[in-house]
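Undergrad:
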Amino acid sequence: MSAAGTGVPGTAGPGSQDRSASADARASYRNTEQGDTTVSRLTAESVTLAYDQRVIAENLSVAVPDNSFTVIIGPNACGKSTLLRALSRMLKPSAGSVLLDGAAIDGYPAKQVARTLGLLPQSSIAPDGITVADLVARGRYPHQGLLRQWSREDERIVQESMAATGVGALGDRHVDELSGGQRQRVWIAMALAQQTPLLLLDEPTTYLDIQHQIEVLDLCADLHETQGRTLVAVLHDLNHAARYATHLIAMRDGRVVAEGAPGEVVTAELVERVFGLRCQVIDDPETGTPLVVPAARERRGARTPAGTPTAASAGAARPAGSPAP
Amino acid sequence: MTPSSRAPRTTPGTTGKTLRTRGGLSLRVDPRAALVVLLLLAVAAAAAVALIGTGDFPLPPGDVLRTLTGDGTPAQEFIVRDLRLPRVLVGLLVGASLGLAGAVFQSVSRNPLGSPDVIGFGQGAAAGALVVIVLFHGDPFAVAAGAVAGGVATGLAVYLLAWRKGIHGYRLVLVGIGAAAVLTGVRDYLMTKAGLVDATRSMVWMVGSLNGRDWSQVWPLLCVAAVLFPVVLGHGRALRMLEMGDDAAYALGVRAERTRVVVMGAAVLLTAAATAAAGPVTFVALAAPQIARRLTRATGPNLPASACMGAVLLIGADWGSQRLFGADRLPVGALTGMLGGCYLLWLLFTERKAGRV
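Chains as they are written, first to last, in the numbering used here: chain A, 561 to 885; chain B, 285 to 641.
1) What are the residues that DSSP puts in a beta bridge with residue 409 (chain B)?
2) In this structure, how does DSSP classify residue 441 (chain B) when only helix, strand and coil are distinguished?
3) Whether or not the region 423-440 of chain B and the region 557-564 of chain B are in contact is what I'm after, with contact meaning three or more pairs of Cβ atoms, one per stretch, closer than 8 angstroms; do they touch?
4) Please name the residue in B:361, B:489, B:452 whose C-alpha comes closest to that of residue 395 (chain B).
5) From what residue to what residue does the beta strand (DSSP E) around residue 839 (chain A) run?
6) Compute the beta-carbon to beta-carbon distance between residue 383 (chain B) and residue 572 (chain B), rounded to the nearest angstrom, for a pair I have assumed lies under 8 angstroms.
7) Do residue 669 (chain A) and residue 535 (chain B) have their C-beta atoms closer together than 9 angstroms?
8) One question on the structure: do residue 351 (chain B) and residue 372 (chain B) come within less than 9 angstroms of each other, judged by their Cβ atoms?
9) Do you know whose CA, among A:642, A:624, A:695, lies nearest residue 524 (chain B)'s CA?
10) Assuming residue 629 (chain A) contacts residue 821 (chain A) under a Cβ cut-off of 8 angstroms, what Cβ separation, rounded to an integer in Å, is found between them?
11) How big is the Cα-Cα spacing for residue 760 (chain A) and residue 783 (chain A)?
12) For residue 756 (chain A), which residues from the same chain have a beta carbon less than 7 angstroms from its beta carbon, with the 5 sequence-adjacent residues on both sides left out?
13) Quick one: give me the first and last residue of the alpha helix (DSSP H) that residue 632 (chain A) is part of.
14) Can you pull the DSSP bridge partners for residue 807 (chain A)?
15) Quick check on DSSP: helix, strand or coil for residue 493 (chain B)?
16) Is the distance from the Cβ of residue 388 (chain B) to the Cβ of residue 412 (chain B) below 9 angstroms?
17) Quickly, what does DSSP pair residue 604 (chain A) with across the bridge? List them, please.
18) At a CB-CB cut-off below 8 angstroms, which residues of chain B make contact with residue 691 (chain A)?
19) How many angstroms separate the CA atom of residue 734 (chain A) from the CA atom of residue 764 (chain A)?
20) Along chain A, in chain order, which residues have C-beta atoms closer than 8 angstroms to that of residue 584 (chain B)?
21) Which full runs of the beta strand (DSSP E) of 3+ residues lie inside the region 745-769 of chain A, going along the chain?
22) Hey, residue 852 (chain A) and residue 839 (chain A): beta-carbon distance below 9 angstroms or not?
23) Taking 9 angstroms as the threshold (beta carbon to beta carbon), is residue 488 (chain B) in contact with chain A?
24) With a threshold of 16 other CB atoms inside 10 Å of the CB of residue 846 (chain A), please say whether the residue is buried or exposed.
25) Could you pull the DSSP bridge partners for residue 734 (chain A) from this structure?
26) Curious, which full-length alpha helix (DSSP H) runs of at least 4 residues does the region 335-413 of chain B contain?
27) If you measure from the beta carbon of residue 802 (chain A) to each beta carbon in chain B, is any gap under 9 angstroms?
28) Could you confirm whether any beta carbon from chain A is found closer than 9 angstroms to the beta carbon of residue 541 (chain B)?
29) Can you tell me the Cα-Cα spacing of residue 320 (chain B) and residue 403 (chain B), whole angstroms?
30) Any beta carbon from chain A within less than 9 angstroms of residue 309 (chain B)'s own beta carbon?
31) Along the chain, which unbroken stretches of the alpha helix (DSSP H) at least 4 residues long are found entirely within the region 518-581 of chain B?
32) Is residue 301 (chain B) helix, strand or coil by DSSP?
33) On the DSSP letters alone, give me the boundaries of the beta strand (DSSP E) that residue 820 (chain A) sits inside.
34) Note down, in chain order, each residue of its chain lying with its Cβ closer than 6 angstroms to the Cβ of residue 772 (chain A), except the 5 sequence neighbours on either side.
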């Protein structure tokens with residue numbers, strides 16, 4: 561990836577000048593749950609999340625560590641996408657609140673939040689016949705006004721965002737004629753052009769072929785590592801989550817079951833607790849991160865899982881880069 | 285405001301030219317769309333002059349222009365200033381209002397069928413006017429007020445019925461078509477209750493027409509347009525963002541539902557005011573945004589081009605009907621209705637081929 565050379569600078573974003581007073585609030589808000597001093601700009605404080613009358617989660621508290629690549633996992637209908645919608649202010653909690661820099665997120669002007677926190681929604685509609693460059697340029701909207709529609713900075717950031725996502729050569733192509741993977745990279749480029757220090761992605765790899773899934777996740781890892789952005793993604797694939805996340809949040813039935821570094825969180829016991837699936841957790845031969853291997857059909861049928869203790873111990877003692885069995 | 289002097293590194297694929305000032309202000313202009321708007325304005329002006337010159341006492345364009353600038357004979361002054369100019373101004377304003385309202389609703393519903401004359405606002409205004417004519421035998425002013433009230437009430441009802449965590453394309457169109465059917469029934473029922481005089485008056489009113497429009501129709505319409513055009517055009521950029529879906533727009537800092545309520549409210553008022561002034565003129569709100577879009581080839585709601593296109597269509601249709609059928613024989617609404625029916629069929633046909641209907 562060429563992102564290292566063309567890293568989009570200024571991830572603090574022009575929005576930061578509006579928040580001059582919030583630095584104190586940010587410093588005072590610390591994630592004390594784990595007893596460390598991780599600072600979290602984005603937190604959910606005992607929120608209740610519901611669609612109409614259907615309650616998805618109650619009294620849920622989550623803190624997104626700054627500069628992390630946080631991945632939320634869990635079975636279908638566990639509330640992970642709902643949580644992401646709440647964190648990105650698409651869904652207003654019926655109780656509790658989502659805090660950005662220590663203040664309720666829905667108290668900020670919409671454009672100001674949009675300069676701090678970006679979202680890649682699960683479904684977006686590319687307007688008919690729009691070009692790639694025009695779509696990416698729309699990411700600059702929160703930085704623009706009626707009489708400031710297109711600054712030189714807008715121009716530069718759009719170009720850099722397109723280069724960082726590898727769609728720089730596609731500028732004049734129509735979005736509807738691109739492949740699924742290219743299209744997803746264009747949408748990510750649009751979110752990048754928004755220049756937000758926080759970026760939330762709702763299942764960014766769904767409906768993509770495996771090579772495009774990896775491509776998109778590599779891109780996310782690049783953005784996290786080289787540009788220092790805080791990323792939060794909902795992913796379906798446990799192994800992808802374990803490989804790419806720096807902070808993992810495992811959810812079930814609207815509650816956080818476990819969170820922390822993937823190496824500590826992903827164990828056979830946890831996978832069974834969260835997903836109800838017997839499995840072994842071995843070392844990923846490529847990266848040394850946990851790799852979940854579902855138990856064979858016969859073993860899953862058996863009441864006494866012989867594999868579990870060994871898998872758990874394998875998960876506990878993990879020599880980095882150990883070869884495959 | 286001058287075009288940027290230093291060589292701008294423009295991104296390939298972005299449409300439009302940028303005008304920048306030293307103070308850091310910048311405007312983004314799509315040259316093709318701007319050209320289309322200018323040409324449409326020129327066509328509308330030319331058609332207006334031609335229309336003023338058309339009638340039982342034809343006037344060549346030179347005389348029309350001379351009279352407009354105050355150098356005509358008293359007879360010409362009377363014909364142009366008192367008889368024909370207000371009629372043409374009503375035509376321009378009604379056409380522009382309908383074009384703009386159509387562009388708003390087609391953008392909000394993401395559907396070319398989502399225009400006010402399909403989803404019941406025109407019918408609502410007509411029903412409101414008929415209630416005043418048939419039940420209260422009101423004067424023209426009361427009829428206009430009834431039309432506005434009917435249009436606004438229909439807009440509110442359709443919005444509330446179609447609302448389900450926001451307003452979404454097909455739901456709005458389907459609820460609107462249902463409302464249009466109900467209102468057409470109400471209108472027909474009122475006609476059976478009407479005496480001969482009221483029935484005739486209703487029929488004349490219901491076929492949109494510019495005949496006999498005078499300054500008392502121009503001023504209210506001009507006031508409404510002067511307030512609501514800037515409101516709608518000011519939300520044009522937010523409306524563009526909304527076309528990517530609510531989540532994407534909201535993530536970019538657009539208050540989705542608030543934007544929609546404001547522009548839809550403005551569009552309903554524009555439609556109602558236009559209907560109050562000229563009766564229910566069909567086809568313009570449906571076709572103007574579609575034709576404008578094909579001319580500008582730009583994404584987004586194309587608001588200014590749609591408004592200009594609406595004015596051109598209405599004035600052009602009025603001029604055409606007078607040329608073809610003689611002065612004041614065929615009301616403009618009848619001609620736009622016939623053209624509109626054909627256009628609607630063609631639209632449905634192409635939409636079906638594209639797999640969207």
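Positions of the beta carbon are idealized from the N, C-alpha and C atoms, including for glycine.
TA: On the basis of the data shown:
1) Walking along the second sequence from the start, residue 409 (chain B) turns up at place 125. Looking at the DSSP output, residue 409 (chain B) bridges to nothing.
2) What you label residue 441 (chain B) is simply residue 157 of the second sequence in a count that begins at 1. Assigned with DSSP and collapsed to three states, residue 441 (chain B) falls in helix.
3) Three or more Cβ pairs closer than 8 angstroms define a contact, and the region 557-564 of chain B meets that threshold against the region 423-440 of chain B.
4) By one-based count along the second sequence, residue 395 (chain B) stands at place 111. Considering only B:361, B:489, B:452, the residue with the shortest C-alpha distance to residue 395 (chain B) is B:452.
5) On the first sequence, position 279 is the one that residue 839 (chain A) refers to. Counting along the chain, the beta strand (DSSP E) containing residue 839 (chain A) begins and ends at 839-843.
6) Along the second sequence, read from residue 1 onward, the residue named residue 383 (chain B) stands at position 99. Along the second sequence, read from residue 1 onward, the residue named residue 572 (chain B) stands at position 288. At roughly 4 angstroms, the Cβ-Cβ gap stays under 8 angstroms, so residue 383 (chain B) and residue 572 (chain B) are in contact.
7) For this step, residue 669 (chain A) is matched to residue 109 along the first sequence. For this step, residue 535 (chain B) is matched to residue 251 along the second sequence. In this structure, residue 535 (chain B) does not lie closer than 9 angstroms to residue 669 (chain A) by Cβ.
8) Your numbering for residue 351 (chain B) matches position 67 in the second sequence. Your numbering for residue 372 (chain B) matches position 88 in the second sequence. It is not a contact, given that the beta carbons lie outside the stated cut-off.
9) Translated into positions along the second sequence, residue 524 (chain B) becomes position 240. Between residue 524 (chain B) and the set A:642, A:624, A:695, the nearest pair of CA atoms involves A:695.
10) Translated into the one-based positions of the first sequence, residue 629 (chain A) becomes position 69. Translated into the one-based positions of the first sequence, residue 821 (chain A) becomes position 261. The C-beta distance from residue 629 (chain A) to residue 821 (chain A) rounds to 11 angstroms, too long to meet the 8 angstroms contact threshold.
11) Taking the first residue of the first sequence as position 1, residue 760 (chain A) is located at position 200. Taking the first residue of the first sequence as position 1, residue 783 (chain A) is located at position 223. Going by the C-alpha atoms only, they are around 12 angstroms apart.
12) In the first sequence, residue 756 (chain A) corresponds to position 196, counting from 1. Cβ neighbours of residue 756 (chain A) beyond the five flanking positions: 573, 675, 676, 677, 678.
13) Here residue 632 (chain A) refers to the residue found at position 72 of the first sequence. Taken as a continuous stretch (DSSP letters only), residue 632 (chain A) belongs to no alpha helix (DSSP H), being part of the beta strand (DSSP E) at 629-633.
14) Translated into the one-based positions of the first sequence, residue 807 (chain A) becomes position 247. When beta bridges are read from the DSSP output, residue 807 (chain A) appears opposite A:630.
15) Taking the second sequence and counting its residues from 1, one reaches residue 493 (chain B) at position 209. Look at residue 493 (chain B) here: in three-state DSSP terms it is coil, with no helix or strand label.
16) Locating residue 388 (chain B) in the second sequence gives position 104, where the first residue counts as 1. Locating residue 412 (chain B) in the second sequence gives position 128, where the first residue counts as 1. Taking the C-beta atoms as reference points, residue 412 (chain B) is found no nearer than 9 angstroms to residue 388 (chain B).
17) For the purposes of this step, residue 604 (chain A) is taken as the residue at position 44 of the first sequence. Under DSSP, residue 604 (chain A) forms a beta bridge with A:622, A:658.
18) Locating residue 691 (chain A) in the first sequence gives position 131, counting from the first residue. The contacting residues are 297, 298, 299.
19) Taking the first sequence and counting its residues from 1, the one referred to as residue 734 (chain A) is at position 174. Taking the first sequence and counting its residues from 1, the one referred to as residue 764 (chain A) is at position 204. When the Cα atoms are used, residue 734 (chain A) and residue 764 (chain A) turn out to be separated by approximately 21 angstroms.
20) Counting from one through the second sequence, the residue named residue 584 (chain B) turns up at place 300. Listed along the chain, the chain A residues whose CB falls inside 8 angstroms of the CB of residue 584 (chain B) are 687.
21) Whole beta strand (DSSP E) segments, 3+ residues: 758-762.
22) On the first sequence, residue 852 (chain A) is found 292 positions in, with the first residue counted as 1. On the first sequence, residue 839 (chain A) is found 279 positions in, with the first residue counted as 1. Yes, the Cβ-Cβ distance between residue 852 (chain A) and residue 839 (chain A) is below 9 angstroms.
23) What you label residue 488 (chain B) is simply residue 204 of the second sequence in a count that begins at 1. No, residue 488 (chain B) lies away from the interface with chain A (no Cβ there is under 9 angstroms from its Cβ).
24) Here residue 846 (chain A) corresponds to residue number 286 of the first sequence, with the count starting at 1. The residue in question, residue 846 (chain A), is exposed, as its Cβ has fewer than 16 Cβ neighbours within 10 Å.
25) Along the first sequence, read from residue 1 onward, the residue named residue 734 (chain A) stands at position 174. A:691.
26) Taking only runs of at least 4 residues, the alpha helix (DSSP H) segments lying wholly in the region 335-413 of chain B are 345-352, 358-361, 369-393.
27) Locating residue 802 (chain A) in the first sequence gives position 242, counting from the first residue. No, because no Cβ of chain B sits closer than 9 angstroms to the Cβ of residue 802 (chain A).
28) As a first step, residue 541 (chain B) is located in the second sequence; it is residue number 257 there, counting from the start. Interface residue (Cβ-Cβ distance to chain A less than 9 angstroms): residue 541 (chain B) is not classified as such.
29) Residue numbering aside, residue 320 (chain B) sits at position 36 when the second sequence is read from its first letter. Residue numbering aside, residue 403 (chain B) sits at position 119 when the second sequence is read from its first letter. Each residue's alpha carbon lies about 28 angstroms from the other.
30) The residue you call residue 309 (chain B) lines up with position 25 of the second sequence. Judged by the 9 angstroms Cβ criterion, residue 309 (chain B) is in contact with chain A.
31) Runs found: 520-526, 530-535, 540-562, 568-580.
32) As a position in the second sequence, residue 301 (chain B) is number 17, starting the count at 1. In this structure, residue 301 (chain B) counts as strand in the three-state DSSP scheme.
33) Start at 1 with the first residue of the first sequence, and residue 820 (chain A) comes out as number 260. Run containing residue 820 (chain A): 815-820, per the beta strand (DSSP E) assignment.
34) Position 212 of the first sequence, counting from 1, holds the residue named residue 772 (chain A). Closer than 6 angstroms at the Cβ level, and outside the excluded window around residue 772 (chain A), lie 741.
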